[in-house]
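Undergrad: With positions in the sequence shown counted from 1, the corresponding number in my numbering is that position plus 5.
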Amino acid sequence: MPGPLDNIRVIDLTSGPVGGIATMVLADFGADVIKVERPGGDPFRSMASSLMWLRGKRSVELDLKRADGQERLAQLVETADVVITSFRGDAAAALGAGYEALSRRNPGIVYCNISGFGPRGPYAGYPGYEGVVAAKAGRMMAFSGVAPRPGPQFAAVQVTSHAASQAAVTGVIAGVVARERQQRGQRFETSLLQGLMSYDMGGLLMSSLRAREPEKWPVAPAPTMPTINYHPALAKDGRWIQMGNLLQHLFDNFVAATEMYDIYADGEHEGSPASWKEEVREAFRDRMLRLMREKTVDEWMRIFIEHGGVVAHPYHTTQEALDDPDVAMNGHVVEVPDPRGRTEPAAQGRPPMRAIGLVARLTETPGAVRGEVPAVGEHTASVLSEPKRAAWRPASGEQTPRLPLEGVTVLDFSTIIAAPLGCSHLADLGARVIKIEQIGGDPWRWMGSGSLGALKTNAGKESISVDLKDPAGQPIVHGLIAKADIVVHNFRPGVPERLGMAYEQAKQVNPEIVYVNVNGYGPDGPGAHRPATHPIPGAALGGAQYQAGGMPPASDDLKVIREGARRLFRANEVNPDPNTSAVVSTTAMLGLWARQRTGQGQEIFIDMMGANAYANADDFFWYEGRAPRPPIDEGLHGTGPLYRLYECKAGWVFVGVLLEKEWARLCSLLGRPELAADPRFSTAEARDANAEALADLLVELFHTNTADEWERSLAGAGIGCVRADGPVPAEFFYRDEQMKANDFTSAVEHPSLGTYQRHGPVVRTQGAPARLGPGPMSGEHTDSLLAELGYTPEQVAELRAKGVVWSEAGVPVAQATRHT
6 MPGPLDNIRV
16 IDLTSGPVGG
26 IATMVLADFG
36 ADVIKVERPG
46 GDPFRSMASS
56 LMWLRGKRSV
66 ELDLKRADGQ
76 ERLAQLVETA
86 DVVITSFRGD
96 AAAALGAGYE
106 ALSRRNPGIV
116 YCNISGFGPR
126 GPYAGYPGYE
136 GVVAAKAGRM
146 MAFSGVAPRP
156 GPQFAAVQVT
166 SHAASQAAVT
176 GVIAGVVARE
186 RQQRGQRFET
196 SLLQGLMSYD
206 MGGLLMSSLR
216 AREPEKWPVA
226 PAPTMPTINY
236 HPALAKDGRW
246 IQMGNLLQHL
256 FDNFVAATEM
266 YDIYADGEHE
276 GSPASWKEEV
286 REAFRDRMLR
296 LMREKTVDEW
306 MRIFIEHGGV
316 VAHPYHTTQE
326 ALDDPDVAMN
336 GHVVEVPDPR
346 GRTEPAAQGR
356 PPMRAIGLVA
366 RLTETPGAVR
376 GEVPAVGEHT
386 ASVLSEPKRA
396 AWRPASGEQT
406 PRLPLEGVTV
416 LDFSTIIAAP
426 LGCSHLADLG
436 ARVIKIEQIG
446 GDPWRWMGSG
456 SLGALKTNAG
466 KESISVDLKD
476 PAGQPIVHGL
486 IAKADIVVHN
496 FRPGVPERLG
506 MAYEQAKQVN
516 PEIVYVNVNG
526 YGPDGPGAHR
536 PATHPIPGAA
546 LGGAQYQAGG
556 MPPASDDLKV
566 IREGARRLFR
576 ANEVNPDPNT
586 SAVVSTTAML
596 GLWARQRTGQ
606 GQEIFIDMMG
616 ANAYANADDF
626 FWYEGRAPRP
636 PIDEGLHGTG
646 PLYRLYECKA
656 GWVFVGVLLE
666 KEWARLCSLL
676 GRPELAADPR
686 FSTAEARDAN
696 AEALADLLVE
706 LFHTNTADEW
716 ERSLAGAGIG
726 CVRADGPVPA
736 EFFYRDEQMK
746 ANDFTSAVEH
756 PSLGTYQRHG
766 PVVRTQGAPA
776 RLGPGPMSGE
786 HTDSLLAELG
796 YTPEQVAELR
806 AKGVVWSEAG
816 VPVAQATRHT
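In structure tokens form, the structure reads like this:
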């Protein structure tokens, strides 16, 4: 069966895994991806993961520094639909690969550039490496204290790369969808810095409110121990298990399953553990940790699974996650012939490669993993000599630029962070997103700082609160579905059927609906009906263990256990939720394009386990002889001497040097050019073998100057070296000149909070005016949406009186922003 993108040609001008994974996803769903490589090939082919992200593509070798190479590229673009690049600064224009030049040859192209820091600003020319962006934007300061030492600490999971990669996919598919409706191509931009913005829940908002009213919004003390609901625990067999019982009923389930229900008899354990007295909470923590030590992980998991309502999962490495039954049964691991067998005789007969599967399961227009990896320039002659393909051309004259998803309506039934934030990404691209909330609102609104985080996860939406269990609520939901293009929910299997809005019920109302299920474990494995929250995929897919620098030691000493739990809790931060959000928006666009092509809607499945496999794609694969994921040292400095943190005379820097030419340049700029020729360090293999000696040498060198001076002299010359102990992300986003130069934040007006700063889109289009809204109050648009469905004021009042619909206190007279 053809994939939904089988009529789309993509010219891939990116280098490395960020663009590589974006175009891999497009190839997995049928696109003809032509990777244009420099002479000698993409220098990041040396990465172990390249055998995965190069799959399904054709390779053309062109020298874009020559006029004939630029002309051949232009001729290729004349046959294409999409161009994706990852050039820094003005390099694209100099190579004949900029949007202006290529769109003159093909006005219908959808063009997307992926950069490190955005196209403008003081850091626009810095290398766009994960570690460089994470360090400069404060993410490594956010991990300070995970290891017991001062200063920034290495950010292990490559979240900015994951978010930017998926944002590029979201953007270009939205552009292709809009091209048919708006009769014009579009130019998109995303960056690793924009990707990182997804992981800041309420920080920027809090910084902007605090700047205005510091007394009202004081800095909260950082927690020193895990929340009881999200606690890691050491089991009898020396393995660790992660709890994730965020909501009160889930925590009650955990207490019942562990037979600690006697706590409710004394009146001191009522409500959330966060509200208990400190001495009560700490006594319970110690009791819980001792109790968990009495059984093995497998024994506890049997108890929790039999109960059915407890959120828990063992800690795994990413390699161990390849064998997780939920991961495997939901198609997140695929076997393909070892791709080296085509070009390396010695590789023939090796076991199959195990690699990451499809980003989503589309039931009517599925993708298919094609495991073949092209040699450098393997298809140059055939591609350049094949008959010219007719490219899309506009049917009418120049159109007024509009946001790509204008005219698209999304219904968001989901709660907390993962799926709601993915829907907000669609709102930022112009979609009308209507959040359908339960009576009382999304629970995330009332959890600690969640009231601010909910403004982030619901930005740009309208909100209606409806009792989905009340028969009088069903016509409201069906009326909204009838007008929608996309439905997104994160209910467990069986719940949508009971609420009357499952896919089979929705398509009776709207046969063309694109229906996206976002689950914790996926629909097909043993965990299908089990609840999941963000720490679960963090533990299950290996990201948390990697960030912690390995698993804490086994011990019966409660002090040692508490310290191990603290370290794991800090390492297992919020990223699994936004990791999933990025895939939600990609998946919705795949379904929307498939519908535009075929005229039919379909049911789509994604889950947090698969999404977080993509976030750990640097290690989520296996083939015989592959290099292991580089270990992180105990102090969380980094993964090797050329990708780590160094303390300076004043401050800290992060150094990210990945290419041979960068190593030679670094040696020269450090005033030690002889190091590049030193046999201990002259090749990547030699540097790996002598990593400790090289690190010791660089520790001494970086101590000779300040972090600011090193950044000026090295990053200014194109080397990845940035100060890493600056502001934390919230303050960086609020104050840094890079954010301002690229207009990456925007002021919005909220009914109760007034003006605050919010993040801009993770991917944005050029030319069309942005339309960025605040997060709504719960039920803020209940009345106006009901009026739109034909309800009279009297009928609305009756529904309110009966508790069928609701709005939170303080909601002003509803005036929904109508998207027309």
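Beta carbons are placed, not taken as given, at the ideal position from N, Cα and C, and that holds for glycine.
Determine, using beta-carbon pairs with one atom in the region 598-614 and one in the region 267-277, whether at least three such pairs fall under 8 Å.
TA: Contact between the region 598-614 and the region 267-277 is absent, because fewer than three Cβ pairs lie under 8 Å.
Undergrad: In terms of alpha-carbon separation, which member of A436, S468 and F418 lies closest to V500?
TA: Counting from one through the sequence shown, the residue named residue 500 turns up at place 495. Of A436, S468 and F418, the residue nearest in Cα terms is F418.
Undergrad: Which stretch, first to last residue, makes up the alpha helix (DSSP H) that contains I26?
TA: Within the sequence shown, the letter at position 21 stands for residue 26. Note, I26: alpha helix (DSSP H), P22 to D33.
Undergrad: Using only alpha-carbon positions, find the residue among Q324, A152 and K461 that is nearest to M211.
TA: For the purposes of this step, residue 211 is identified with residue 206 of the sequence shown, where counting begins at 1. The shortest Cα separation from M211 among Q324, A152 and K461 belongs to K461.
Undergrad: Roughly how many whole angstroms lie between the Cα atoms of E813 and S470?
TA: Taking the sequence shown and counting its residues from 1, one reaches residue 813 at position 808. Taking the sequence shown and counting its residues from 1, one reaches residue 470 at position 465. About 9 Å.
Undergrad: Figure out for me which residue from H708, P646 and T787 has the closest Cα to the Cα of V662.
TA: Position 657 of the sequence shown, counting from 1, holds the residue named residue 662. The option with the nearest alpha carbon to V662 is P646.
Undergrad: May I ask which residues mark the beginning and end of the beta strand (DSSP E) holding V438?
TA: In the sequence shown, the residue the question calls residue 438 occupies position 433. Taken as a continuous stretch (DSSP letters only), the beta strand (DSSP E) holding V438 covers R437 to E442.
Undergrad: Tell me, which residues are paired with A317 by DSSP?
TA: For the purposes of this step, residue 317 is taken as residue 312 along the sequence shown, with counting starting at 1. The partner list for A317 (beta bridge, DSSP) reads M248.
Undergrad: Select from G547, V588, G543 and E667 the residue whose C-alpha is nearest the C-alpha of N580.
TA: Counted from its first residue, the sequence shown places residue 580 at position 575. N580 has its Cα closest to that of G543, out of G547, V588, G543 and E667.
Undergrad: Rounded to whole angstroms, what is the Cα-Cα separation between N258 and V138?
TA: For the purposes of this step, residue 258 is taken as residue 253 along the sequence shown, with counting starting at 1. For the purposes of this step, residue 138 is taken as residue 133 along the sequence shown, with counting starting at 1. Computed Cα separation, rounded: 41 Å.
Undergrad: Does the CB of E325 have a neighbour CB from chain B at under 9 Å?
TA: Absent from the structure: chain B. Only one protein chain is present.
Undergrad: Answer yes if the region 407-427 comes into contact with the region 436-455, meaning at least three C-beta pairs across the two stretches below 8 Å, and no otherwise.
TA: The region 436-455 vs the region 407-427: in contact.
Undergrad: Closer than 8 Å by C-beta to G276: which residues in its own chain qualify, once you throw out the five before and the five after it? Chain order, please.
TA: For the purposes of this step, residue 276 is identified with residue 271 of the sequence shown, where counting begins at 1. Cβ within range, chain order: Q253.
Undergrad: Helix, strand or coil: which one does DSSP assign to D17?
TA: Within the sequence shown, residue 17 is the residue found at index 12, counting from 1. Residue state, collapsed to three classes: strand.
Undergrad: Is the beta carbon of F659 closer than 9 Å to that of G136?
TA: In the sequence shown, residue 136 corresponds to position 131, counting from 1. In the sequence shown, residue 659 corresponds to position 654, counting from 1. Against a cut-off of 9 Å, the Cβ pair of F659 and G136 comes out as a contact.
Undergrad: Given this structure, state the Cα-to-Cα distance separating V492 from R649, to the nearest angstrom.
TA: If you number the sequence shown from 1, residue 492 lands on position 487. If you number the sequence shown from 1, residue 649 lands on position 644. Roughly 43 Å between the two C-alpha positions.
Undergrad: Alpha carbon to alpha carbon, how far is I89 from R14? Give it in angstroms, no decimals.
TA: Residue 14 sits at position 9 when you count from the first residue of the sequence shown. Residue 89 sits at position 84 when you count from the first residue of the sequence shown. Looking at the two C-alpha atoms, the distance is approximately 11 Å.
Undergrad: Just verifying my parser: in three-state terms, what is the DSSP assignment at K300?
TA: As a working note, residue 300 is residue 295 in the sequence shown. Coil, per DSSP.
Undergrad: Within 8 Å, do at least three Cβ pairs link the region 781-795 to the region 479-491?
TA: Flag = yes, the region 479-491 and the region 781-795 touch.
Undergrad: Taking all protein chains shown into account, decide if K654 is buried (16 or more other Cβ within 10 angstroms of its Cβ) or exposed.
TA: Counting from one through the sequence shown, the residue named residue 654 turns up at place 649. Exposed, by the Cβ-count rule.
Undergrad: Taking all protein chains shown into account, decide if T822 is buried (16 or more other Cβ within 10 angstroms of its Cβ) or exposed.
TA: By 1-based counting over the sequence shown, the position of residue 822 is 817. Bear in mind that the predicted position of T822 carries a pLDDT of just 38, short of 50, making it unreliable; the figure below should be weighed with that in mind. Looking at its Cβ environment, which holds fewer than 16 other Cβ atoms inside 10 Å, T822 is exposed.
Undergrad: Helix, strand or coil for A238 per DSSP?
TA: One-based indexing of the sequence shown puts residue 238 at position 233. Correct three-state label for A238: strand.
Undergrad: From what residue to what residue does the alpha helix (DSSP H) around K564 run?
TA: For the purposes of this step, residue 564 is identified with residue 559 of the sequence shown, where counting begins at 1. Run containing K564: L563 to A576, per the alpha helix (DSSP H) assignment.
Undergrad: From A99, S108, D73 and G94, pick the residue whose C-alpha is nearest to that of D86; which is it?
TA: Counted from its first residue, the sequence shown places residue 86 at position 81. Of the candidates A99, S108, D73 and G94, the one whose C-alpha sits nearest the C-alpha of D86 is S108.
Undergrad: Under a Cβ-count criterion, where at least 16 other Cβ atoms within 10 Å of its own Cβ denotes burial, should E509 be classed as buried or exposed?
TA: Taking the first residue of the sequence shown as position 1, residue 509 is located at position 504. The residue is exposed, with fewer than 16 neighbouring Cβ atoms inside 10 Å.
Undergrad: Can you tell me the Cβ-Cβ gap for V182 and G427, rounded? I've got them flagged as a contact below 8 Å.
TA: Position 177 of the sequence shown, counted from the start, is the residue given in the question as residue 182. Position 422 of the sequence shown, counted from the start, is the residue given in the question as residue 427. Not really, about 17 Å apart at Cβ, beyond 8 Å.
Undergrad: Is the region 308-320 touching the region 525-545, taking contact as three or more C-beta pairs under 8 Å?
TA: Result yes; three or more Cβ-Cβ pairs closer than 8 Å.
Undergrad: Report, in whole angstroms, the separation of the C-beta atoms of A102 and L18, which I expect to be a contact under 8 Å.
TA: Taking the sequence shown and counting its residues from 1, the one referred to as residue 102 is at position 97. Taking the sequence shown and counting its residues from 1, the one referred to as residue 18 is at position 13. So it is a contact: roughly 6 Å between Cβ atoms.
Undergrad: Taking the alpha-carbon positions, what's the P330 to V381 distance?
TA: Along the sequence shown, read from residue 1 onward, the residue named residue 330 stands at position 325. Along the sequence shown, read from residue 1 onward, the residue named residue 381 stands at position 376. Going from the Cα of P330 to the Cα of V381 covers about 36 Å.
Undergrad: Please determine if the region 348-361 and the region 618-635 are in contact, where contact requires at least 3 C-beta pairs separated by less than 8 Å.
TA: Verdict: yes, contact present.
Undergrad: Leaving out five residues on either side along the sequence, give the residues of the same chain with a beta carbon under 7 Å from the beta carbon of L674.
TA: In the sequence shown, counting from the first residue as 1, residue 674 sits at position 669. Once the five neighbours on either side are set aside, the close Cβ partners of L674 are S718, L719, A722 and I724.
Undergrad: Here's the rule: buried if 16 or more other CB atoms are within 10 angstroms of the residue's CB, otherwise exposed. What is L563?
TA: Numbered from 1 along the sequence shown, position 558 holds the residue referred to as residue 563. Classification for L563: exposed.
Undergrad: If I measure Cβ to Cβ from P155 and keep anything under 8 Å in the same chain, skipping five residues before and after, which residues do I get?
TA: The count along the sequence shown starts at 1 and reaches residue 155 at position 150. Here the set comprises S149.
Undergrad: Can you tell me which of the three DSSP states S783 falls into?
TA: To locate residue 783, count along the sequence shown from 1; it is residue 778. Three-state DSSP puts S783 in coil, outside helix and strand.
Undergrad: Rounded to whole angstroms, what is the Cα-Cα separation between E568 and H642?
TA: What you label residue 568 is simply residue 563 of the sequence shown in a count that begins at 1. What you label residue 642 is simply residue 637 of the sequence shown in a count that begins at 1. Cα-Cα distance, rounded: 19 Å.
Undergrad: Measuring alpha carbon to alpha carbon, tell me which residue in E578, D529, A689 and E287 is nearest A553.
TA: Sequence index remark: in the sequence shown, residue 553 carries index 548 (1-based). Cα-wise, what sits closest to A553 is E578.
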